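Sequential numbering of the sequence shown, starting at 1, is according to UniProt numbering.
Where is the CB? At the ideal position from N, CA and C, for every residue including glycine.
Keep in mind it's a predicted model, so treat the numbers as computed, not measured.
Notes for the one structure printed next.
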Amino acid sequence: MAIDEPLKEEFMTQLLVQAPLYLHGELIHLDGLRVNLANAWGLIRPSHTGPYLTLRFEAKTQQAMQHIQSLFAKLINAVNPLLELPF
Numbered sequence: 001m002a003i004d005e006p007l008k009e010e011f012m013t014q015l016l017v018q019a020p021l022y023l024h025g026e027l028i029h030l031d032g033l034r035v036n037l038a039n040a041w042g043l044i045r046p047s048h049t050g051p052y053l054t055l056r057f058e059a060k061t062q063q064a065m066q067h068i069q070s071l072f073a074k075l076i077n078a079v080n081p082l083l084e085l086p087f
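Structural data, given as structure tokens:
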């Protein structure tokens, strides 16, 4: 997901502040933000090589995938509604 380089750090800071309001599960703040749910996980982290954020998701079912992506979409839109989501 593309983001202007100067905005990347502030976006990630705001994401970490807002995360507990949108993501319910085990939150891990190591080199980005990861949430572990019973049947899925999601990760967003800043790229160290370019002006973008990397998103990764894994789930046991399609329904769980849609759920974890929906949670991240709501969080990302709360921090910056102008960013285009890749999912």
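Under the rule that a run must span 3 or more residues, the beta strand (DSSP E) segments found entirely inside the segment 2-68 read 26-28, 33-36, 40-46 and 53-59.
Less than 7 Å divides the Cβ of alanine 64 from the Cβ of alanine 40. Under the three-state reduction of DSSP output, leucine 75 falls in the helix class. Closest option to phenylalanine 11, judged by alpha-carbon separation, among Tyr22, Pro20, Arg34 and Ile44: Ile44.
Taking 8 Å as the upper bound for CB-CB distance, leucine 16 and histidine 24 are not in contact here, some 15 Å apart.
Considering only Leu75, Leu85, Pro81 and Gly42, the residue with the shortest C-alpha distance to glutamine 18 is Leu75.
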